[in-house]
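Engineer: Chains as they are written, first to last, in my numbering: chain A, 728 to 1157; chain B, 13 to 144.
Quick reminder that beta carbons are idealized off the backbone N, C-alpha and C, glycines included.
These figures come from a predicted structure and were not determined experimentally.
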Amino acid sequence: MKLELGFIQIRDIQFSKECKVESGTLYVNADEVKDFIFQDDDVKACVKAAHFDIAKPGESVRITPVKDVIEPRVKVEGPGGEFPGVIAKVDTVGSGKTHVLRGMAIVTAGKIVGFQEGIIDMSGPGADYTPFSKLLNLVLVCEPVEGVHQHEYEHAVRIAGLRAATFVGELGRSLTPDETQEFETYGIKEGIEKLPDLPRVAYVHMLQSQGLLHDTYVYGVDAKKIISTLINPTETMDGAIISGNCVSACDKNTTYHHQNNPVVADLFAQHGKTLNYVCNIITNENVYLADKQRSSDWASKLAGMLDLDGVIISEEGFGNPDTDLIMNCKKTEQKGVKTVLVTDEYAGQDGKSQSLADADPLADAVVTGGNANEVIILPPMDKVIGTLDYVDKIAGGHAGSLRPDGSIEAEIQVITGATNEIGFNCLSAR
Amino acid sequence: MILTNNPLVKTCMEGRYAVQFFEDLTLREVLVKARDMVYNGHTLYTHPLAGSVKPNETPYKSVVVSQKPNEFSPEQAQIIAGSIEVCDKFSPQSRTLTRKVLEDFQLIDYTLLSGALGYDAAAGLSNATNKK
């Protein structure tokens, strides 16, 4: 399957009377975007009010609590549309041509579950810990209708964010991209014939799926309800997987992460050179022990059936998913397939504790995204988009986290994407 | 059988499942209860570290075990004992949680448990609201 991505570089965002992209500037009429968002019945029923704000790199701005980050895109050629099974019809994506508004994102913010949404600082020390401080962010702040249950509201805000991204992405349809890249994987037989001497490698992509508010969706299906299966890497690049969860901010895979998965990008960069990138295996992270066993049995079985030489396995979340990670690793290694794990660590504020909740001698190749317990002091910002009401409560914060002068003392797990477990960040011991 | 210290689980699930509600137990004490049952041969059905909420953040925990003892499983004993070790690794945070935050933590624990059991969490919440 072959996908062409056309990147349209966005260099500025401004509110305006009309919506358009011109010479790298995105002009937004907030009311038009809002009208489009509120055409959805669930949004209408659950969201009392929504307003847009703009946050630019280097500004003294703090966005919190952040729910999701989404890159606006539009399908210009080939089957399907953006976010299939959720916004567009459920047609298979991952082929044809998609335009990407690069350098910007839609950020959804506002309270859902008080303690599990994150912080994006656009400048200062906190900005170094999140990749989203480097983007031009169009922030959608939502407020719930009184009495709406959190899971209903989460759904509504998720849809609102995706609709905003779809609307903005559409503005890039008729533009000529600044840069174009092609991504292609081969069929099983074709790949072996074309790249006979290269090791066959796949990516085992673990999706957070522990329950309401801890979900990921694949073509609109709650990943909790899938058995481990195969997917073309270009499908995940083309919006097939979206985030619907409220896990700790630092290692939550936002929709932006799924669209721009660095494991996929790096495997493509080596495809045909040092390895043959066969496919992605998606699997879930469940609470029920029998489900864990079934899913990890299945993922490792697929790796064996495909005669792979190696897999990269990434997880999402902490604690119980560590068990899935180790089960996937152990069973896949036992099939004779080498594994490399990507995770992050909760090693205590001093970094001295065991990093994962589970371990095995076969897990002997591990890449870490950093220690989420590391403490950071975030200085006050001139402007807050959203509210600071929850800073004392979010995971990694504590009572007294928010100091009287507006600065925050907390663990880096409060920062969106800080220790991302697909490696979408740059924490390093070097 | 659900071992829990989460009042929302009791409200929404009692009657549908066998719920043992321990109002005064801490999260760790619920895990110890589950561990002792697993040591006595009860089957552990749910992972005790469910959710990405750290053990020192949420006060609530629900664990599902079989009502009757079966065969002792060393793997399960390892999972539950390991979870208590993880729990001890996180130093307790001294903070007063507001009612709203406590309710959020109850909700997360309840929805995770519902997901594991295939229970309609939304319907359970509506029933609970009606009961009120």
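Hey, Val-974 of chain A and His-932 of chain A are a contact pair by Cβ (cut 8 Å); roughly how many whole angstroms apart?
Structural biologist: As a working mapping, residue 974 of chain A is identified with position 247 in the first sequence. As a working mapping, residue 932 of chain A is identified with position 205 in the first sequence. Not quite, the Cβ-Cβ distance comes to about 16 Å (not below 8 Å), so this is no contact.
Engineer: Is the segment 1014-1024 of chain A touching the segment 116-130 of chain B in the sense that three or more CB pairs, one from each, lie closer than 8 Å?
Structural biologist: Result yes; three or more Cβ-Cβ pairs closer than 8 Å.
Engineer: Report the neighbours of His-54 of chain B on chain A: residues whose CB is nearer than 7 Å to its CB, in chain order.
Structural biologist: The residue you call residue 54 of chain B lines up with position 42 of the second sequence. Under the 7 Å cutoff, chain A gives no residues; its nearest Cβ is about 13 Å from His-54 of chain B.
Engineer: Helix, strand or coil: which one does DSSP assign to Thr-891 of chain A?
Structural biologist: Numbered from its first residue, the first sequence carries residue 891 of chain A at position 164. Checking the sequence shown, residue 891 of chain A turns out to be Ala, not Thr. It is helical.
Engineer: When the cut-off is 9 Å and only beta carbons count, does Ser-1080 of chain A lie next to chain B?
Structural biologist: As a working mapping, residue 1080 of chain A is identified with position 353 in the first sequence. It does: the Cβ of Ser-1080 of chain A has a partner Cβ on chain B nearer than 9 Å.
Engineer: Roughly how many angstroms lie between the CA atoms of Arg-60 of chain B and Phe-33 of chain B, to the nearest whole one?
Structural biologist: Stepping through the second sequence from its first residue, residue 60 of chain B is reached at position 48. Stepping through the second sequence from its first residue, residue 33 of chain B is reached at position 21. The sequence as given places Pro at residue 60 of chain B; Arg does not occur at that position. Cα to Cα, the separation comes out at about 16 Å.
Engineer: Report yes or no: do three or more beta-carbon pairs, one from the segment 801-818 of chain A and one from the segment 884-896 of chain A, lie closer than 8 Å?
Structural biologist: Touching, yes.
Engineer: How would you list, in chain order, the residues of chain B whose beta-carbon sits under 7 Å from the beta-carbon of Leu-1016 of chain A?
Structural biologist: Position 289 of the first sequence, counted from the first residue, corresponds to residue 1016 of chain A. Per Cβ cutoff of 7 Å: Leu-56, Tyr-57, Thr-58, His-59.
Engineer: Within 9 Å (strictly less), CB to CB, does Leu-137 of chain B reach chain A?
Structural biologist: Numbered from 1 along the second sequence, position 125 holds the residue referred to as residue 137 of chain B. Yes, contact with chain A.
Engineer: Drop a sphere of 10 angstroms on the beta-carbon of Leu-1156 of chain A, count the other beta-carbons inside from all chains shown, and report buried for 16 or more, exposed for fewer.
Structural biologist: Position 429 of the first sequence, counting from 1, holds the residue named residue 1156 of chain A. Looking at the sequence provided, one finds Ala at residue 1156 of chain A rather than Leu. By the 10 Å Cβ count, Ala-1156 of chain A comes out exposed.
Engineer: Taking the C-alpha atoms as reference points, what is the distance between Asp-1051 of chain A and Ile-1139 of chain A?
Structural biologist: In the first sequence, residue 1051 of chain A corresponds to position 324, counting from 1. In the first sequence, residue 1139 of chain A corresponds to position 412, counting from 1. Answer to the nearest angstrom: the Cα atoms are 24 Å apart.
Engineer: Taking the alpha helix (DSSP H) that Met-964 of chain A falls in, what are its first and last residues?
Structural biologist: Translated into positions along the first sequence, residue 964 of chain A becomes position 237. Per DSSP, Met-964 of chain A belongs to the alpha helix (DSSP H) from 960-964.
Engineer: Looking at the unbroken beta strand (DSSP E) that takes in Glu-909 of chain A, where does it start and where does it end?
Structural biologist: For the purposes of this step, residue 909 of chain A is identified with residue 182 of the first sequence, where counting begins at 1. Start and end: 906-911.
Engineer: With a cut-off of 8 Å, do at least 3 Cβ pairs link the segment 894-909 of chain A to the segment 826-840 of chain A?
Structural biologist: Yes: at least three Cβ pairs fall under 8 Å.
Engineer: So which residues of chain B does Asp-1087 of chain A contact, with C-beta pairs closer than 9 Å?
Structural biologist: Residue numbering aside, residue 1087 of chain A sits at position 360 when the first sequence is read from its first letter. Under the 9 Å cutoff, chain B gives no residues; its nearest Cβ is about 11 Å from Asp-1087 of chain A.
Engineer: His-941 of chain A CB to nearest chain B CB: under 9 Å?
Structural biologist: The residue given as residue 941 of chain A occupies position 214 in the first sequence. It does: the Cβ of His-941 of chain A has a partner Cβ on chain B nearer than 9 Å.
Engineer: Could you tell me which chain B residues have their CB closer than 8 Å to the CB of Gly-1084 of chain A, listed as they occur along the chain?
Structural biologist: Position 357 of the first sequence, counting from 1, holds the residue named residue 1084 of chain A. Strictly speaking, residue 1084 of chain A in this sequence is Ala, with Gly absent from that position. Neighbours of Ala-1084 of chain A on chain B, chain order: Leu-61, Gly-94, Ser-95, Val-98.
Engineer: Let me make sure I understand the geometry here. Which of A:Asn-1152, A:Leu-1115, A:Thr-1146 has the alpha-carbon closest to that of Ile-1135 of chain A?
Structural biologist: Residue numbering aside, residue 1135 of chain A sits at position 408 when the first sequence is read from its first letter. Comparing Cα positions, the closest option is A:Leu-1115.
Engineer: Give the secondary structure of Phe-742 of chain A by DSSP, where H, G and I count as helix, E and B as strand, and everything else as coil.
Structural biologist: Position 15 of the first sequence holds residue 742 of chain A. Strand.
Engineer: Could you tell me which chain A residues have their CB closer than 9 Å to the CB of Leu-15 of chain B, listed as they occur along the chain?
Structural biologist: Locating residue 15 of chain B in the second sequence gives position 3, counting from the first residue. Result: empty, since nearest Cβ-Cβ is about 14 Å, beyond 9 Å.
Engineer: So which residues on chain B does Asn-1098 of chain A lean against when the C-beta distance must stay under 9 Å?
Structural biologist: Within the first sequence, the letter at position 371 stands for residue 1098 of chain A. In chain order: nothing, as chain B lies at least about 13 Å away.
Engineer: From Phe-117 of chain B to Asp-1036 of chain A, what distance separates their C-alpha atoms?
Structural biologist: As a position in the second sequence, residue 117 of chain B is number 105, starting the count at 1. As a position in the first sequence, residue 1036 of chain A is number 309, starting the count at 1. When rounded, the distance between both Cα atoms is 43 Å.
Engineer: With 7 Å as the limit, tell me which residues of the segment 106-135 of chain B have their beta carbon closer than that to any beta carbon of chain A; keep them in chain order.
Structural biologist: Result list: Arg-107, Thr-108, Lys-112, Val-113, Asp-116, Leu-119, Ile-120, Thr-123, Leu-124, Ser-126, Gly-127, Ala-128, Ala-133, Ala-134.
Engineer: Taking 9 Å as the cut-off, decide whether the C-beta atoms of Val-793 of chain A and Ala-836 of chain A are in contact.
Structural biologist: Locating residue 793 of chain A in the first sequence gives position 66, where the first residue counts as 1. Locating residue 836 of chain A in the first sequence gives position 109, where the first residue counts as 1. Taking 9 Å as the Cβ cut-off, Val-793 of chain A and Ala-836 of chain A qualify as a contacting pair.
Engineer: Just how far apart, CA to CA, sit Val-801 of chain A and Thr-912 of chain A?
Structural biologist: To locate residue 801 of chain A, count along the first sequence from 1; it is residue 74. To locate residue 912 of chain A, count along the first sequence from 1; it is residue 185. Going by the C-alpha atoms only, they are around 22 Å apart.
Engineer: Taking the beta strand (DSSP E) that Asp-36 of chain B belongs to, which residues open and close that run?
Structural biologist: Here the question's residue 36 of chain B lines up with position 24 in the second sequence. Asp-36 of chain B -> no beta strand (DSSP E), and no H or E assigned at all.
Engineer: Measuring only between beta-carbons, confirm whether Asn-980 of chain A sits less than 9 Å from chain B.
Structural biologist: Here residue 980 of chain A corresponds to residue number 253 of the first sequence, with the count starting at 1. No, its Cβ sits nowhere closer than 9 Å to a Cβ of chain B.
Engineer: If you draw a straight line from the C-alpha of His-878 of chain A to the C-alpha of Gly-136 of chain B, how long is it?
Structural biologist: One-based indexing of the first sequence puts residue 878 of chain A at position 151. One-based indexing of the second sequence puts residue 136 of chain B at position 124. Near 13 Å, if we compare the C-alpha coordinates of Gly-136 of chain B and His-878 of chain A.
Engineer: What does His-932 of chain A touch in chain C if you count any residue whose Cβ is under 9 Å from its own?
Structural biologist: Protein chains in the displayed structure are A and B, and chain C is not among them.
Engineer: Which residue from A:Ile-781, A:Pro-852, A:Arg-738, A:Phe-734 puts its Cα closest to that of Val-1111 of chain A?
Structural biologist: Stepping through the first sequence from its first residue, residue 1111 of chain A is reached at position 384. It is A:Ile-781 whose Cα lies nearest to the Cα of Val-1111 of chain A.
Engineer: Quick check on the DSSP output: the alpha helix (DSSP H) that includes Gly-1031 of chain A runs from which residue to which?
Structural biologist: Mapped onto the first sequence, residue 1031 of chain A falls at position 304. Its alpha helix (DSSP H) spans residues 1016-1032.
Engineer: Starting from Val-1093 of chain A, follow the beta strand (DSSP E) in both directions and report where the run begins and ends.
Structural biologist: Within the first sequence, numbered from 1, the residue matching residue 1093 of chain A stands at position 366. Residues 1093-1098.
Engineer: So the candidates are A:Thr-893, A:Glu-909, A:Ser-850, A:Tyr-856; which of them puts its Cα closest to the Cα of Glu-786 of chain A?
Structural biologist: Start at 1 with the first residue of the first sequence, and residue 786 of chain A comes out as number 59. It is A:Ser-850 whose Cα lies nearest to the Cα of Glu-786 of chain A.
Engineer: Using only CA atoms, which one of A:Leu-1105, A:Val-1067, A:Asp-1132 lies nearest to Thr-791 of chain A?
Structural biologist: Stepping through the first sequence from its first residue, residue 791 of chain A is reached at position 64. Comparing Cα positions, the closest option is A:Leu-1105.
Engineer: Would you list the one or two residues that DSSP bridges to Phe-859 of chain A?
Structural biologist: In the first sequence, the residue the question calls residue 859 of chain A occupies position 132. DSSP output for Phe-859 of chain A lists no bridge partner at all.
Engineer: From Leu-922 of chain A to Glu-906 of chain A, what distance separates their C-alpha atoms?
Structural biologist: Looking up residue 922 of chain A in the first sequence gives position 195. Looking up residue 906 of chain A in the first sequence gives position 179. Whole-angstrom Cα-Cα distance: 27 Å.
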